[in-house]
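Peer 1:
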């Protein structure tokens, strides 16, 4: 017996809601047929042989057929647009013998909207036509009477509907057709849960616009960003926006993100998020479900700043092996670290000093003597509390006195367990010590033959002062003959002295331990016999005094005048922006400018070569040597969960995709700002390997001047490399934005950071190959960090070996000559590139070799023409550039030498005040090029036309200068008055004035 599937088991798409389905009815449908001999309701089977009710009509032998079939009233519910699905068969008119000419192969579909059921009331003219339905496949009947049925399915859209319900009607005008099934439905976006947000059933509007639906966070979750989705007119949900995060104590399965589940006992989750619950760290527990953190075991604690993921810890044990070394009234205490640190690294030591009365003991003790805290003037070096080292020096103790020192070890949880305090103690007795020197001596009264003096007791008497020894002698005799007196108090009167004579005096105190050190020499003079001057000598003295005052006043006046002139002249003389030069004809002008003059033609270029010596052990591992590149990525880079990364905005584009800024929030850690490189979609396997190779390289470095890799995302899309965020971007653009805004020390500090990072790479046997200011990143504290390791390669184990590239682009302006010619890269070629970076920094981001073509740059390097010194560049830094550009690479400085040189400059800032002097060097092609930029100057107008800065030219257009001599006296204050207020252009204009002065050195140029 065959099994028949009931109609109500038919499964329809979840986004379709049926309003009518003729297959679902097992009895009569009760539709109205007009006229009654037209459409006929019969029982039949569908294509699956399921019993169904069908309607058919086949009055093809009669003329003028108009047969109507109307459904029952259909409530439209919330639908505005409905769909009608018809399944029917239709006979080919040609297969019907003796058929009349009125046979049709189509029928009409119509509808009528009403607010209520009109029963059997029927009017043809009230219906609106939806469409004429034709069969894609018609059936024929064979001579034997067998039918070859072919089922047609047609779907028509109706709407928008506005009334409460509607009727469907089928009009036959002379066809042989059978309606197998009629289904009326509308589409909706079904209820769903996305990103822990629940979205209800939503019926789309009858328009082309999307319906925005707000979601509600599921139980035990919190809204991070308002969840939203859009429902399309086809009943489909589009990509969700926003998300919800599980509450602390709850987590969500990564695969579903449909509900938040409670953390089991023994696990915890302290923050909002969809990450898994974490197991309780050591020495902690959670006995209940949904724990936010794990409690600490007995005698274990967690400090206020400790993250929930950190194990509970306890105070450390006492320091060990305390050793004291006594030197008169000071003692050096030294000890070993506690045997048990309590599981923490933040160990510090406190030293408590006590002065004791009673028998001394040179062994460790808990302190049984009668002790009291030490005096406040006892000195601890470096300090008494918060010591990170295991040694301290205690000074200014009393002589021959007992002291006890308690040394306590503390960590971050010691304050939470005061009863667990442990310390080591040592009791010592200071030696007998002589008093410290007398430092304050005062002269009370002076006469021709005597002087009265007083002084203060030494700061550290170290016992009872028995008396003072006073030693004095005439200054001219230089201690060949001296007198000694002793005094019990702190004052004395010296008698029997010579009038009008200078004396030197020293005092030292004596205790039972002996004499202390002598005081510094104190000079005093006795009064002269008389103070009478003859009238003639008086006139001479007055004349001398008057002359001296006049000379002083004249000197001050000249100093002021020269200073005001030289203030502007130095700016004109110290600049080298333009090459036309103008010279002062006055003495002051020549005095100011003679030593400052720098003609660009007098600067010469010099290139060089060098060689890198590798350390004995290579610590860097080339990721390209791995057979499986993903193994290198996972070995050197931390895999991050994409849910921990929030992208804020796109800040640029890289070779493989976009570069974004965002935030990284790892479990139990503070949120930090990061930079994110993404791999664009549609990448090849090679592009993915090349993209992740940089992370494999970066992950091996750990240095404050190397960009830090936070991790990678490789197990989801998009693939990402996450690094620390550098607020000020690339060094070249940062310097251009802040032209002339930094001091020399600040610039040297930046250069020192770059050199330190390169020293670290060189020590690891690593060659960067693309060192340039554009590949140096700057953070908010002006710390420079080396980045961009896309072109970098590793050195071989042989110290003399070099890496040979297999083609590709080379940054010509930054590359050493041997790397350009033979594609040989070493740390010595990186040193050459560092010299170019040094030039970029000192020129505030100017382009090396300006607008010269790459071929011209190669020729200049080959002929040994170095870049000229930037404007106001210190001579020591330009010499370092020239050393980096040595053609023989073995002669170039190593990066550790460069770091040492820069450290000396930082310690001695005065060495940066001497600017590079080009007068001793012959002119070269690059400088000739610079000179060629300024045409011969015949007039003041020619000079202004030769200036390239249009705003400056416009600023000078309203200013009248009678001669170059007048123009040479222009200062930065004058430039501000004509509208040039920015420091960078000011320096360049003053430099151009210097150039004009030199160019017109044979005399002033008439206007």
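Residue numbers (the UniProt record's numbering): 1 to 1007. Yeah, the Cβ is synthetic: ideal placement off N, Cα and C, and Gly gets one too. Since we're looking at a predicted model, the values are computed, not measured.
#1: Given a cut-off of 7 Å on the beta-carbon distance, is the pair residue 102 and residue 178 in contact?
#2: Residue range of the beta strand (DSSP E) that residue 225 falls in?
#3: Would you say the beta carbon of residue 840 comes nearer than 6 Å to a heavy atom of the ligand NAP?
#4: Sort out for me which residues DSSP pairs residue 132 with in a bridge.
#5: If you draw a straight line from the C-alpha of residue 883 to the C-alpha of residue 891, how long is it?
#6: Under DSSP, the alpha helix (DSSP H) around residue 904 begins and ends at which residues?
#7: Are the region 438-453 and the region 344-353 touching by the rule of at least three beta carbon pairs closer than 8 Å?
#8: For residue 181, which residues in the same chain have their Cβ closer than 7 Å to its Cβ, ignoring the five residues on either side in sequence?
#9: I need the DSSP call for residue 21, collapsed to helix, strand or coil.
#10: In or out: residue 715 buried (at least 16 other Cβ within 10 Å) or exposed?
#11: Out of 43, 656, 382, 509, which has the shortest C-alpha to C-alpha gap to residue 455?
#12: By Cβ distance, which residues of its chain are closer than 7 Å to residue 288, with the 5 residues on each side in sequence left out?
#13: Suppose contacts are defined by Cβ-Cβ distances below 7 Å. Is residue 657 in contact with residue 679 by that definition?
#14: In three-state DSSP terms, what is residue 850?
#15: So, is residue 381 buried or exposed, given that buried needs 16 or more other C-beta atoms within 10 angstroms?
#16: With C-beta atoms as the reference, is residue 68 less than 7 Å away from residue 55?
#17: Does residue 865 pass the burial test, meaning 16 or more other C-beta atoms within 10 Å, or should it be called exposed?
#18: Measuring CA to CA, which of 440, 280, 889 is closest to residue 521?
#19: Express the C-alpha separation of residue 410 and residue 631 in angstroms, rounding to a whole number.
#20: Extract the residue ranges of the alpha helix (DSSP H) inside the region 696-739, only unbroken runs of 4 or more that lie entirely within it.
#21: Can you check DSSP and say which residues form a bridge with residue 656?
#22: Between the C-alpha atoms of residue 960 and residue 740, what's the straight-line distance to the nearest angstrom?
#23: Flag this pair as yes or no: are the beta carbons of residue 523 and residue 471 separated by less than 7 Å?
#24: Please classify residue 68: does DSSP put it in a helix, a strand, or coil?
#25: Rounded to whole angstroms, what is the Cα-Cα separation between residue 400 and residue 433?
#26: Quick one: what's got a C-beta closer than 6 Å to residue 173's C-beta in the same chain, skipping five residues either side?
#27: Could you check how far apart the C-beta atoms of residue 857 and residue 813 are, in whole angstroms? I think they sit under 8 Å.
#28: Rounded to the nearest angstrom, what separates residue 612 and residue 337 at their Cα positions?
#29: Measuring CA to CA, which of 503, 498, 557, 546 is closest to residue 528?
#30: Just the C-alpha distance for residue 335 and residue 353, rounded to the nearest angstrom, thanks.
#31: Put residue 314 into one of helix, strand or coil per three-state DSSP.
#32: For residue 120, does the count of other Cβ atoms within 10 angstroms reach 16, so buried, or fall short, so exposed?
#33: From the DSSP output, which residues share a beta bridge with residue 285?
#34: Do residue 247 and residue 268 have their CB atoms nearer than 7 Å?
#35: Where does residue 837 sit, in a helix, a strand or coil, going by DSSP?
#36: Return the first residue and the last residue of the beta strand (DSSP E) that residue 784 is part of.
Peer 2: Quick answer:
#1: Looking up residue 102 in the chain shown gives position 102. Looking up residue 178 in the chain shown gives position 178. Taking 7 Å as the Cβ cut-off, residue 102 and residue 178 do not qualify as a contacting pair.
#2: Along the chain shown, read from residue 1 onward, the residue named residue 225 stands at position 225. First-last of the beta strand (DSSP E) with residue 225: 221-231.
#3: Questions concerning the ligand NAP fall outside what the structure shown contains, since it holds no ligand whatsoever.
#4: Walking along the chain shown from the start, residue 132 turns up at place 132. Per DSSP, 108.
#5: Residue numbering aside, residue 883 sits at position 883 when the chain shown is read from its first letter. Residue numbering aside, residue 891 sits at position 891 when the chain shown is read from its first letter. If you take the alpha carbons of residue 883 and residue 891, they lie about 8 Å apart.
#6: Indexing the chain shown from 1 puts residue 904 at position 904. Looking at the DSSP string, the run of the alpha helix (DSSP H) that includes residue 904 is 895-907.
#7: no
#8: On the chain shown, residue 181 is found 181 positions in, with the first residue counted as 1. Result list for residue 181: 22, 23, 46, 52, 87, in chain order.
#9: Position 21 of the chain shown holds residue 21. DSSP places residue 21 in strand when its eight states are reduced to three.
#10: For the purposes of this step, residue 715 is taken as residue 715 along the chain shown, with counting starting at 1. By the 10 Å Cβ count, residue 715 comes out exposed.
#11: The count along the chain shown starts at 1 and reaches residue 455 at position 455. When only C-alpha atoms are compared, the closest one is 509.
#12: Taking the first residue of the chain shown as position 1, residue 288 is located at position 288. Excluding positions up to five away in sequence, the list reads 265.
#13: Start at 1 with the first residue of the chain shown, and residue 657 comes out as number 657. Start at 1 with the first residue of the chain shown, and residue 679 comes out as number 679. Their beta carbons are under 7 Å apart, which means residue 657 touches residue 679 by this criterion.
#14: By one-based count along the chain shown, residue 850 stands at place 850. Residue state, collapsed to three classes: coil.
#15: Here residue 381 is taken as the residue at index 381 of the chain shown, counted from 1. So residue 381 counts as exposed.
#16: Taking the first residue of the chain shown as 1, we reach residue 68 at position 68. Taking the first residue of the chain shown as 1, we reach residue 55 at position 55. Result no, Cβ atoms of residue 68 and residue 55 do not sit closer than 7 Å.
#17: Counted from its first residue, the chain shown places residue 865 at position 865. Residue 865 should be labelled buried.
#18: Reading the chain shown from its first residue, position 521 is the one you call residue 521. Measuring from the Cα of residue 521, the nearest candidate turns out to be 440.
#19: As a position in the chain shown, residue 631 is number 631, starting the count at 1. As a position in the chain shown, residue 410 is number 410, starting the count at 1. So the two alpha carbons sit approximately 43 Å from each other.
#20: 731-737
#21: Position 656 of the chain shown holds residue 656. Paired residues: none, contrary to the question.
#22: As a first step, residue 960 is located in the chain shown; it is residue number 960 there, counting from the start. As a first step, residue 740 is located in the chain shown; it is residue number 740 there, counting from the start. Residue placement at residue 960 cannot be trusted, given a pLDDT of 43 that sits under 50; the coordinates are not used to answer.
#23: Numbered from 1 along the chain shown, position 523 holds the residue referred to as residue 523. Numbered from 1 along the chain shown, position 471 holds the residue referred to as residue 471. No, the Cβ-Cβ distance between residue 523 and residue 471 is not below 7 Å.
#24: Taking the chain shown and counting its residues from 1, the one referred to as residue 68 is at position 68. If DSSP states are grouped into helix, strand and coil, residue 68 belongs with the strands.
#25: Indexing the chain shown from 1 puts residue 400 at position 400. Indexing the chain shown from 1 puts residue 433 at position 433. Rounded to whole angstroms, residue 400 to residue 433 spans 8 Å at the Cα level.
#26: In the chain shown, residue 173 corresponds to position 173, counting from 1. 65, 104.
#27: Translated into positions along the chain shown, residue 857 becomes position 857. Translated into positions along the chain shown, residue 813 becomes position 813. Going by Cβ atoms, the distance from residue 857 to residue 813 rounds to 6 Å, so yes, they are a contact pair.
#28: Position 612 of the chain shown, counted from the start, is the residue given in the question as residue 612. Position 337 of the chain shown, counted from the start, is the residue given in the question as residue 337. Residue confidence for residue 612 is low, a pLDDT of 33 falling below 50, so the modelled location carries little weight and cannot support an answer.
#29: Position 528 of the chain shown holds residue 528. It is 498 whose Cα lies nearest to the Cα of residue 528.
#30: Position 335 of the chain shown, counting from 1, holds the residue named residue 335. Position 353 of the chain shown, counting from 1, holds the residue named residue 353. Each residue's alpha carbon lies about 16 Å from the other.
#31: Sequence index remark: in the chain shown, residue 314 carries index 314 (1-based). Residue 314 falls in the coil class under three-state DSSP.
#32: Position 120 of the chain shown, counted from the first residue, corresponds to residue 120. Counting Cβ neighbours within 10 Å, residue 120 comes out exposed, since fewer than 16 surround it.
#33: Working through the chain shown from its first residue, we reach residue 285 at position 285. In DSSP, residue 285 forms a bridge with 295.
#34: For this step, residue 247 is matched to residue 247 along the chain shown. For this step, residue 268 is matched to residue 268 along the chain shown. No, Cβ-Cβ distance for residue 247 and residue 268 is not below 7 Å.
#35: Within the chain shown, residue 837 is the residue found at index 837, counting from 1. Helix at residue 837.
#36: Taking the first residue of the chain shown as 1, we reach residue 784 at position 784. Where residue 784 is concerned, the enclosing beta strand (DSSP E) stretches over 784-786.
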